[in-house]
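Following: one structure in structure tokens, then a few remarks.
Here it is as structure tokens:
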């Protein structure tokens, strides 16, 4: 059973299609990064999973429990950390956590114990008596993480937790997330900082205009896999770089993507290294004086832009395009 | 365990977490500390001044007046005003979501906010008592009546705080800010008016509870403000609640029971017709206003308890599901019930004048009219309740403007052009050229028309509810 399972999820706000047929699964104990531009549907999807919103259509489950039908059960399993939350005036860090521990039903010694554990884990002990609205952004995020962990949830849903953090706070947060992942918690995290997600996440979900456009491992993307079974290579030749594009036009399963100073980027429609070796051999045989031929090592931002570009050009499609709903009945899931 | 040792157990576990949080914050807030200290200083000064002139016959009365005015300003004006930002600040700060994810229900969140503010008002009351006892020294004081008055002011403060806390969940700044501010201005003038005129004597006389009528009046006042205060808190809970939480059903059941019980008592007591109409209108108005302005999100979690009870449950759902479609049916049910209660009065046929019924119809229509407009523009508005309230106020202001215009003219027949606004019909009763019977017919036609359109819209909307029910039955 997956920790998170979303199937054909739609969420409309009037005429705005915020989430447009999203489907994905996140296995137990994994860290999944959720990537998309502002307004792509990340927060809406996360809020539905956190039982704070409801789908227009489709289902969302946390550990096999439907978020619409059994929100109370789901809330016991999840820890929710929104992108922004206000802190209270006249309330110390300790009182803040104490309030949420009380609200979660902890009493007496158990409550004090739980607050203490969370404060130690998030390194908030030195800040215990500081007013919560006087904290820096990084401290506030640690406080938010502490609050989300109070009831020891199985799944953590974190919406842009690193937004606005300075580099030191970011490193600290990343460290905490790594520790939680080692403890076996499932973490579903959105961020704009893709390089950091790449280091932390077992898998990445790219969402654009309410649809999932990629779901796969971060390493695949970095190595130049496009998530659709193809691999990207950088080719450099000694001679007219135009020759590379001319050569590609005549080749099956090889696509010229863009020209570069001494050659260009090409896409080979297979992940089989032997086929790539064949392509290289054919290039040489056909007279191209290849000086460099290597699988592309890209950063995730490039990969993301690449995927979006191909979808815009109609060269690729969202993952699992879903059927459009017949009607928008907010009550049916 | 260093953090644990720092954690003071200033509040026991059995108190509501929300109340503990609000008290921790509220007792440190400048607003409370300032009011508390200023009130003490003022009362101390006044008592000293009065002691200096203790020979004067009026010293005791002046002390009573000053205590009443400053205490009322503190608990009827300043304390309720502190509720204006109670929920809106949580909504703005995204913290409502965080609380909803705990075991706190929306009603507990709202009630916690309210009890903390009322608790602080109670502290202010507690500080007043010694001054009241000292005032006894000046003579001419009905100690019991003035203690009852303090209690009444405190209860009214609790109800007003409930209103500001409830309204503070509204997304409209006009609703959560301007209405309480307008109320504050009116209340401040009233406090000074009553406090420094002969009015205070009358109020103290009523609070002496010496006659049965006075005791009944005070009792009814307490029950009505409790009822209205509860509705305000329930409204706040509805506005912040996730869709899976249903507050509407309980609210409607309580309104229904209140109307049946109160109506029954008034019928058995053979009350005057106008009192019966007034009380039933006050009880029905908030229930109808909220029922017609609820969003229509009926999700399986909410329907399930009704569907489980078979046909009877589904039938009950048509009146008690949250959302305006069932709200329209519920409005019809309440109107029918109030009419039936009215007919149960002994010799009912001879006891009602056409103008009394017209006024009741105008009030009902005054709610149906904005209710209908809210439903017609519903998809375009962010919050139906705010839209409903603003339309209701606009309709009232429009009627006032017409009233001012009509009072300067000799020919007022043009008012018929505005009879689509039911409040205008009640305005027209002020002038003899409009026959009571004709106004009654107009009221029936306008109300009937609005209710018919509402019912048709509700029947359309019930289709979605039927689908939800079918899906649940198929489970």
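Chains as they are written, first to last, in our numbering: chain A, 1 to 333; chain B, 1001 to 1475.
Even for Gly, the Cβ is constructed at its ideal location relative to N, Cα and C.
Among the residues facing chain B, residue 24 of chain A is not included, as its CB has no counterpart in that chain under 8 Å away. Residue contact check for residue 1093 of chain B against chain A: a CB pair falls below 8 Å.
Contact between residue 22 of chain A and residue 36 of chain A fails: their C-beta atoms lie close to 11 Å from each other, not under 8 Å. When the five nearest sequence neighbours on each side are left out, the beta carbons in the same chain lying within less than 6 Å of the beta carbon of residue 253 of chain A are those of 269, in order along the chain. Listed by position along chain A, the residues whose Cβ is nearer than 9 Å to that of residue 1314 of chain B form an empty set, because the closest Cβ is around 14 Å away.
Secondary structure within the segment 62-109 of chain A: the beta strand (DSSP E) runs of 3 or more consecutive residues, fully enclosed, are 78-81 (chain order). Counting C-beta atoms within 10 angstroms of its own C-beta, residue 1407 of chain B has fewer than 16 neighbours from the protein chains shown and is therefore classed as exposed.
Interface residue (Cβ-Cβ distance to chain B less than 8 Å): residue 107 of chain A is classified as such.
Positions of the beta strand (DSSP E) runs, each at least 3 residues long and wholly inside the segment 205-288 of chain A, are given as 211-216, 231-237, 254-260 and 263-268 in order along the chain. For residue 17 of chain A, the enclosing beta strand (DSSP E) stretches over residues 16-26.
The alpha-carbon of residue 209 of chain A is positioned some 12 Å away from that of residue 11 of chain A. A Cβ-Cβ contact shorter than 8 Å links residue 1283 of chain B with residue 1258 of chain B. Sequence-distant Cβ neighbours of residue 76 of chain A in its own chain, meaning closer than 8 Å and more than five residues away, are 151 and 153. For residue 1213 of chain B, the enclosing alpha helix (DSSP H) stretches over residues 1212-1240. For residue 158 of chain A, there is no enclosing alpha helix (DSSP H); the residue is part of the beta strand (DSSP E) that begins and ends at 155-159.
In this chain, the beta strand (DSSP E) harbouring residue 188 of chain A covers 186-190. At a cut-off of 8 Å between beta-carbon atoms, residue 51 of chain A makes contact with chain B. One thing to note: residue 1076 of chain B has its Cβ no nearer than 8 Å to the Cβ of residue 1125 of chain B.
Restricting attention to B/1343, B/1156, B/1429 and B/1361, the CA atom closest to the CA of residue 1219 of chain B is found in B/1156. Taking the CA atoms as reference points, residue 31 of chain A sits about 9 Å from residue 204 of chain A. Inter-residue distance for residue 1267 of chain B and residue 1227 of chain B is about 20 Å (C-alpha atoms, whole angstroms).
Within the segment 69-90 of chain A, 69, 71, 75, 80, 82, 84, 85, 86, 88, 89 and 90 place their CB atoms closer than 7 Å to a CB of chain B, listed in sequence order. The Cβ-Cβ distance between residue 232 of chain A and residue 211 of chain A does not fall below 8 Å. Scanning chain A for C-beta atoms nearer than 8 Å to the C-beta of residue 1098 of chain B yields 80, 82, 85, 100 and 147, reported in chain order.
For the pair residue 1176 of chain B and residue 1187 of chain B, the CB atoms are not nearer than the 8 Å cut-off.
Within chain B, no C-beta atom comes nearer than 7 Å to that of residue 180 of chain A; the closest sits roughly 18 Å away. Non-local C-beta neighbours of residue 248 of chain A in its own chain, meaning closer than 7 Å and more than five positions away in sequence, comprise 254, 255, 256 and 266, ordered along the chain.
The Cβ atoms of residue 1396 of chain B and residue 1423 of chain B sit closer than 8 Å to each other. Contact between the segment 1109-1121 of chain B and the segment 1085-1097 of chain B is present: three or more C-beta pairs spanning the two stretches fall below 8 Å.
Beyond the five residues adjoining it in sequence on each side, residue 1333 of chain B comes within less than 6 Å, by CB distance, of 1319 in the same chain, given in chain order. Contact annotation: residue 51 of chain A and residue 71 of chain A have beta-carbon atoms nearer than 8 Å. DSSP, reduced to helix, strand and coil, places residue 32 of chain A within a strand of the structure shown. Taking a beta-carbon distance threshold of 8 Å, residue 33 of chain A does not count as an interface residue toward chain B. Contact of residue 1107 of chain B with chain A is not assigned, every C-beta pair being separated by 8 Å or more. Under the three-pair Cβ rule at 8 Å, the segment 53-73 of chain A does not count as touching the segment 1063-1073 of chain B.
Fully contained in the segment 1273-1298 of chain B are the following alpha helix (DSSP H) runs of length 4 or more, in chain order: 1273-1292.
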